[in-house]
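K.L.:
The structure that follows is given in the form of structure tokens.
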Amino acid sequence: MKKKIRVRFAPSPTGPLHIGGLRTALYNYLFSKKHNGDFILRIEDTDKKRNIKNSINYIIKSLKWCNINYNEGYKNKGKYGPYIQSKRINIYKKYIKILIKKKLAYYSFDKKKDIIKYKKKNKNFIYNSLTRKKLNNSLVLSKDDIINNIKKKKYVIRIKTPNNKNIIFYDKVYGKININTNKIDDKIIFKSNNTPTYHFASVIDDHLMKITHIIRGKEWISSTPIHIIIYNYFKWKIPFFIHLPLILNNNKKGKISKRNINNEFPIYPIISNYKSIKIKKSYEEIGFLPDSLINIIALLGWCPNPRNNKEIYNLKEMIKLFNFKNISKSDVHLNYKKCCWINKKYINKNNKKIQLLIYNKLFKIVKKKIKKYKKKYKNIYIKNVINITKNRINVINDIWNVSYYFFINPKKIHIDKKLIKKLKKNYNKIIIFLQKIKFFFIKKRKKKIIKKFLKKIFKKYKNSIYIKTLRLSIVGKLIGINMLEILYTIKKDKIIKRINNFIKIIK
RNA sequence: AGCCCAUUAGUCUAUUGGUUAGGACGUCAGAUUUUCAUUCUGGAAAGAGGGGUUCAAUUCCCCUAUGGGCUACCA
């Protein structure tokens, strides 16, 4: 029988989760779902100083918002808990003792200052088999000294790396990687405050939690040999490693940096209400949909196969197609315009949830900007406005920009020089046209009749100058949805007012 | 400075030891729309550079350059 696939996402709560972490979580999720495996959330909070209040909540909320559900782990049931490392310290202590007994790890009494000195003297100083004999540790000192030092001095525990041995592993993305132990430190695996470092805790946990595949960012490649050494010392089975290319900041790229500085893309998925976590821009805040964010992130460094020139994938499709073979090796940059393009596709999918989101957004803005909004605009009116305008927004927050003229009068009328000339030439005719429309609206009529009349008159005045001026009077710009649609929707008295205003202006 | 990794248009990428190097976003032009957006059609745009191996290299090897990661009692 095949072993059940188990993967984990193991963030440390040092701040809000960003799209890099989110993508790692996503790939873990996709892989586990594809193989009916388990997806575990483990919190790695071994560094107390760097822990930031509420980051755990933010991480969990972000995953939830994106529909990335873990079936085991922190605040969830599971056989292998606790799933937060600060509550597992005793477990790590038990295992560190074993390594020390076997002399595969040792006490190091060197002062931090001294090691900094060595590094200053020799930039390539490494604490390992080549140097450790000259340093102050339990491999050198006598038994009595060691016991004395342990009682009196601060110490850390370091892993004893083998001398001149090539640690080779086969990454599912990067292939064969070979690192010689003489180039790596005897890493500290237990700190002087008697807590483990990441390297030790994560290996112990991954083994105890029966993790089969470790999917994580590429920045861990360099420390993988240390992890492998620990696995070997315990004679544990080494899991598969899958390292992911990183998502890089656009600003750092030389050629386009100047243009891109102001265009910085968001890196956090959702809004935060926590005081300790301030986020200026998040995808949620700007008006991205979770499904589209997932789509965007999934395609950063992964190309579904077969591609069939598709760009839009839902979770189910991604799960079906997910494969490590199609993950690219080079780091990626995000293209914000493409993000918008993808989001637009999702907004136009026309489901009720999306409509509600847009409605809530527009309603909030209307509430803010307009006094007595309840008397002026019924829900149906707002919904109607959304229906006719929403196919031209990229993100939900754009909704006001494309619909404001249904609620407020245009503040400025933008007339360019070309238009002024045309206006002057056809002044009388234009005034007649505008008056016709105005007078029609002054009389009380049913909607059907209005529609008929408008269609007729639009046919009669085919020349674009008429409708352009009409548009200017109502919208203030030469931009907007179909003019007929606008006239059907906006209230009569407003139309009359705006036309009057316009006529005054062009006198 | 050392170690590890990467390099196909502005960005994300596909394919391949023999191809007119394919697609998407963006960009430019045209059509549609009375305007804008949409949609449609078309165009420009790429194998970092230099050496090898080979009849043939973007693909394999080496060097250089560039980018990135790691070299913390951070993860």
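If you read the first sequence in this note's numbering, its first letter stands for residue 9, the second for the next number, and so on.
For each residue, glycine too, the CB sits at the ideal point set by N, CA and C.
1) I need the boundaries of the beta strand (DSSP E) containing residue 542, first residue and last residue.
2) Give the DSSP bridge partners of residue 177, in chain order.
3) With DSSP as the reference, label residue 70 as helix, strand or coil.
4) Do you know offhand how far residue 251's Cα is from residue 486's?
5) Of the residues 279, 299 and 283, which one's Cα is nearest the Cα of residue 290?
6) Indicate the three-state DSSP secondary structure (helix, strand or coil) for residue 207 in the structure shown.
7) How is the beta strand (DSSP E) around residue 225 delimited, first residue to last?
8) To the nearest angstrom, report how far apart residue 482 and residue 417 are at their CA atoms.
9) Tell me the rounded alpha-carbon separation between residue 225 and residue 99.
10) Do you know how far the Cα of residue 320 is from the Cα of residue 93?
11) CA-CA distance, residue 489 and residue 396?
12) Using the rule of at least 16 other Cβ atoms within 10 Å of the residue's Cβ for burial, across every protein chain shown, is residue 188 buried or exposed?
13) Can you list, in chain order, the residues of its chain with a C-beta nearer than 6 Å to that of residue 52? Leave out the 5 residues immediately preceding and following it.
14) What residue range does the beta strand (DSSP E) around residue 518 cover?
15) Start and end of the alpha helix (DSSP H) containing residue 242?
16) Starting from residue 301, trace the beta strand (DSSP E) both ways and give me its first and last residue.
17) According to the Cβ coordinates, are residue 198 and residue 221 closer than 7 Å?
18) List, from N- to C-terminal side, the alpha helix (DSSP H) runs of 4 residues or more that fit wholly inside the stretch 481-507.
19) Give, in chain order, every unbroken run of the alpha helix (DSSP H) that is at least 4 residues long and sits entirely within the stretch 84-127.
20) State whether the stretch 149-164 contacts the stretch 113-126, with contact taken as three or more CB pairs (one from each stretch) at a distance under 8 Å.
21) Can you tell me whether residue 292 is buried or exposed? The criterion is at least 16 other CB atoms within 10 Å of its CB, across all chains shown.
22) Could you check if residue 80 is buried or exposed, using at least 16 other CB atoms within 10 Å of its CB as the buried criterion?
23) Given a cut-off of 7 Å on the beta-carbon distance, is the pair residue 334 and residue 348 in contact?
24) Quick test of the definition: if touching needs 3 or more C-beta pairs under 8 Å, does the stretch 355-362 touch the stretch 329-344?
25) What are the boundary residues of the beta strand (DSSP E) that includes residue 198?
26) When you compare only the Cα positions, how much space is there between residue 204 and residue 54?
27) What residue range does the beta strand (DSSP E) around residue 47 cover?
28) Would you decide whether residue 16 is buried or exposed? Buried here means 16 or more other CB atoms lie within 10 Å of its CB.
29) Who are the Cβ neighbours of residue 66 in its own chain at under 7 Å, not counting the five residues just before and after it?
30) Taking its Cβ as the centre, do 16 or more other Cβ atoms sit within 10 Å of residue 271, making it buried, or is it exposed?
31) Quick one: Cα of residue 315 to Cα of residue 11, how far?
32) Who are the near neighbours of residue 434 in its chain, counting only those whose CB is closer than 7 Å to its CB and skipping five residues on each side?
33) Please say whether residue 244 and residue 215 have beta carbons closer to each other than 7 Å?
34) With a cut-off of 8 Å, do at least 3 Cβ pairs link the stretch 26-40 to the stretch 73-88?
35) Whole-angstrom Cβ separation of residue 421 and residue 513, contact assumed at under 8 Å?
P.N.:
In short:
1) The requested residue 542 does not occur in the structure, where the chain is confined to residues 9 to 515.
2) 185
3) helix
4) 51 Å
5) 279
6) helix
7) 221-225
8) 7 Å
9) 26 Å
10) 38 Å
11) 8 Å
12) exposed
13) 18, 20 and 93
14) Since the first residue of the chain shown is 9 and the last is 515, residue 518 is not available in this structure.
15) 232-242
16) Residue 301 -> not in any beta strand (DSSP E); alpha helix (DSSP H) instead, spanning 298-306.
17) no
18) 491-497
19) 97-109
20) yes
21) buried
22) buried
23) no
24) no
25) 196-198
26) 7 Å
27) 46-49
28) buried
29) 24, 25, 280, 282 and 285
30) Only weak support exists for where residue 271 lies, its pLDDT of 45 falling under 50; the value from the coordinates is given anyway. Exposed is the call here.
31) 30 Å
32) 473
33) yes
34) yes
35) 6 Å
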